[in-house]
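Quick mapping for you: the protein sequence lines, in order, are chains A and B.
Just so you know, we're using the working numbering here: the first sequence kicks off at 3 and counts up by one.
Just so you know, we're using the working numbering here: the second sequence kicks off at 279 and counts up by one.
In this text, a Cβ means the ideal position worked out from N, Cα and C, and glycines have one as well.
Just so we're clear, the structure is a prediction, and the values are computed from it rather than from any experiment.
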Amino acid sequence: MPKIEMRVNGKPISVETEAETLLVHFLRDRLGLTGTHVGCDTGQCGACTVHLNGEAVKSCTMFAVQAHGAEITTIEGLAKNGKLHPMQEAFREHHALQCGFCTPGMIMAAVDIVRRKPNADEKTIRQELEGNICRCTGYHNIVKAIASAAAGMGARS
Amino acid sequence: MYTKPFSYHRPKSLEDAVALFGKSSDPRYLAGGQTLIPTMKQRLAAPSDLIDLGGLSALAFIRKSADMLMIGAGTRHAAVATSADVKSAIPALAYLAEGIGDPAVRHRGTIGGSLANNDPAADYPAAVLGLGATVKTTKRSIAADEFFTGMFETALQDGEIVTEIAFPIPEKAGYAKFPNPASRYAMVGVFVAKVKTGVRVAVTGAGPCVFRVPQMEAALAKDFSDGAIANIKVAADDLNSDLHGSREYRAHLVTVMARRAVAGA
Numbered sequence: 003m004p005k006i007e008m009r010v011n012g013k014p015i016s017v018e019t020e021a022e023t024l025l026v027h028f029l030r031d032r033l034g035l036t037g038t039h040v041g042c043d044t045g046q047c048g049a050c051t052v053h054l055n056g057e058a059v060k061s062c063t064m065f066a067v068q069a070h071g072a073e074i075t076t077i078e079g080l081a082k083n084g085k086l087h088p089m090q091e092a093f094r095e096h097h098a099l100q101c102g103f104c105t106p107g108m109i110m111a112a113v114d115i116v117r118r119k120p121n122a123d124e125k126t127i128r129q130e131l132e133g134n135i136c137r138c139t140g141y142h143n144i145v146k147a148i149a150s151a152a153a154g155m156g157a158r159s
Numbered sequence: 279m280y281t282k283p284f285s286y287h288r289p290k291s292l293e294d295a296v297a298l299f300g301k302s303s304d305p306r307y308l309a310g311g312q313t314l315i316p317t318m319k320q321r322l323a324a325p326s327d328l329i330d331l332g333g334l335s336a337l338a339f340i341r342k343s344a345d346m347l348m349i350g351a352g353t354r355h356a357a358v359a360t361s362a363d364v365k366s367a368i369p370a371l372a373y374l375a376e377g378i379g380d381p382a383v384r385h386r387g388t389i390g391g392s393l394a395n396n397d398p399a400a401d402y403p404a405a406v407l408g409l410g411a412t413v414k415t416t417k418r419s420i421a422a423d424e425f426f427t428g429m430f431e432t433a434l435q436d437g438e439i440v441t442e443i444a445f446p447i448p449e450k451a452g453y454a455k456f457p458n459p460a461s462r463y464a465m466v467g468v469f470v471a472k473v474k475t476g477v478r479v480a481v482t483g484a485g486p487c488v489f490r491v492p493q494m495e496a497a498l499a500k501d502f503s504d505g506a507i508a509n510i511k512v513a514a515d516d517l518n519s520d521l522h523g524s525r526e527y528r529a530h531l532v533t534v535m536a537r538r539a540v541a542g543a
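Take a look at the structure:
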């Protein structure tokens, strides 16, 4: 079996895994990081979004072996010292979730949007969320939360 | 497991990759995986060996000369979309890359992978054919007009790897697509370019393979305005027809998208 070495939420991992293991299953089943969800399983819904070297990717459309040498961040890695990430805080503040299933992927995508487009307006945020599907909220509060977090994250840096 | 078991290889060089390909019974190269992995999950593909080109950093580059833009085959869509060189040399190409899939797909998918796959509704084939680019491989250079040979078919031979795409920098170029509302693949996408050799018009999404529209090219060579092609229709006979749209609808969209591409160039 191929050996993979990576850092997940800052922690070094060195294990053997079947080549055909998808990254999302590796994270959930091997590492117990079940915050990353499997929704559509076809790369369209975005519930499995994680960061690979700081960039949002769909972990259901990657084999774990492809992440060899990479730095992975999952939803579990965002909060620091018990304090929510500003994006998590904004989602809570703006009630940007109902059932919560899409939320981990939404938040990982949202952090990536603000990294790339810190001044994104509402229209841009909506376009950028193209790869993340929410069946409950109608997106309105998600967009509000991201805009608010972007303002907050910008002000802090 | 979703996919059938396979042997995974992480070659250190293109030579290693080609050698591994020659030694395997039913190998596939893996680039960004945004098409191949879903295809394998559906078991429409079940290679014996996956040869991962993702670690070959020499394939990821963007370089500009006076009249050419060279993009390494391993360059991700997001890198093309945000490159200052691409934006200044061929803004229509950066715009096209920014419209592929969604942000997460653009972080993984590569231009070489897209071209080697030649999906009938992919965006990049329209730019490569529309600009008359040259596809460089581990064996040779292939002109865009010779590269795309049919649905999911290219001139690539077994084991041959796309390494670089050389785009002539056009005087003007534009791209317009009507995306499928669900998949974001092109129902119809038209790339129009005014290059040294004349005007080129390439259509993706409408037919089984990207194709040119000589009538529009001739009209635009005389008058590069959207009005010049307003009455030129492509024949619907050979176009795709599915639950998303009839061939007549796609034929109509070709003219609409071509006009928008010209107007935006």
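Find the residues of chain A that neighbour residue i, judging by a C-beta separation of less than 9 Å, and give them in chain order.
i, result
"B:F445", "Correct list: empty, because the minimum Cβ distance to chain A is about 24 Å."
"B:G311", "T63, M64, F65, Q68"
"B:I389", "Result: empty, since nearest Cβ-Cβ is about 17 Å, beyond 9 Å."
Just the chain A side, please: which residues come within less than 8 Å of residue i by C-beta, in chain order?
i, result
"B:P381", "A58, A111, D114, I115, R118, E130, E132, G133"
"B:D330", "V67, Q68"
"B:H355", "Neighbours of B:H355 on chain A: none; closest Cβ ~12 Å, over 8 Å."
"B:R462", "E132"
Start and end of the alpha helix (DSSP H) containing residue i?
i, result
"B:K319", "314 to 319"
"A:I127", "124 to 130"
"B:G379", "Segment: none, B:G379 is in no alpha helix (DSSP H) and carries neither H nor E."
"B:K500", "492 to 500"
"B:T281", "Note, B:T281: premise wrong, no alpha helix (DSSP H); not H, not E."
"B:Y527", "525 to 542"
"A:P106", "105 to 118"
"B:Y307", "Note, B:Y307: premise wrong, no alpha helix (DSSP H); beta strand (DSSP E) at 305 to 308."
"B:D330", "It is not in any alpha helix (DSSP H) - B:D330 instead sits in the beta strand (DSSP E) that spans 327 to 330."
"A:P88", "88 to 95"
Can you have a look at residue i and say buried or exposed, based on whether 16 or more other CB atoms are within 10 angstroms of its CB?
i, result
"A:G45", "buried"
"B:A324", "exposed"
"B:S361", "buried"
"B:S392", "buried"
"A:V10", "buried"
"A:K82", "exposed"
"A:S159", "With a pLDDT of 44 at A:S159, under the threshold of 50, the modelled position of this residue cannot be trusted; read the value that follows with caution. Looking at its Cβ environment, which holds fewer than 16 other Cβ atoms inside 10 Å, A:S159 is exposed."
"A:F65", "buried"
"B:M318", "buried"
"A:C42", "exposed"
"A:E124", "exposed"
"B:Q320", "exposed"
"A:M3", "exposed"
"A:K60", "buried"
"B:E293", "exposed"
"B:A382", "buried"
"B:L322", "exposed"
Along chain B, in chain order, which residues have C-beta atoms closer than 8 Å to that of residue i?
i, result
"A:A21", "P283, F284, S285, Y286, L328"
"A:G48", "D380, A382"
"A:T44", "P316, K319"
"A:T51", "A382"
Beta carbon of residue i, beta carbon of residue j: below 7 Å?
i, j, result
"B:R326", "B:D304", "Per the sequence shown, residue 326 of chain B should be read as Ser rather than Arg. Yes, these two residues count as a Cβ contact at 7 Å."
"B:L517", "B:A484", "yes"
"B:A454", "B:M348", "no"
"B:G523", "B:M429", "no"
"B:T432", "B:G310", "no"
"A:V52", "A:T63", "no"
"B:E376", "B:A400", "no"
"A:M180", "A:A58", "No answer is possible for residue 180 of chain A: it lies beyond the span of chain A, which begins at 3 and ends at 159."
"B:A411", "B:P448", "no"
"B:D504", "B:V540", "yes"
"B:A405", "B:L371", "yes"
"A:C50", "A:V26", "yes"
"A:Q100", "A:C47", "no"
"B:I368", "B:A451", "yes"
"A:I77", "A:P120", "no"
Who are the neighbours of residue i on chain B, taking C-beta pairs under 7 Å?
i, result
"A:P4", "Y286"
Following the continuous beta strand (DSSP E) through residue i, name the residue where it begins and the one where it ends.
i, result
"B:A454", "450 to 457"
"A:E73", "73 to 75"
"A:D43", "That residue, A:D43, is in no beta strand (DSSP E); it is neither H nor E in DSSP."
"B:R418", "That residue, B:R418, is in no beta strand (DSSP E); it is neither H nor E in DSSP."
"B:H355", "Counting along the chain, B:H355 falls outside any beta strand (DSSP E), though it belongs to the alpha helix (DSSP H) covering 355 to 360."
"B:F426", "426 to 428"
"A:P14", "13 to 18"
"A:L54", "51 to 54"
Since residue i meets chain A, which of its residues come closer than 7 Å, beta carbon to beta carbon?
i, result
"B:H385", "E57, A58, V59"
Requested in this report: Select from the stretch 58 to 88 of chain A all residues with a C-beta closer than 9 Å to any C-beta belonging to chain B, and list them in chain order.
Outcome: Identification of residues in the stretch 58 to 88 of chain A having a C-beta nearer than 9 Å to some C-beta of chain B yields A58, V59, K60, C62, T63, M64, F65, V67, Q68, H70, G71, given in sequence order.
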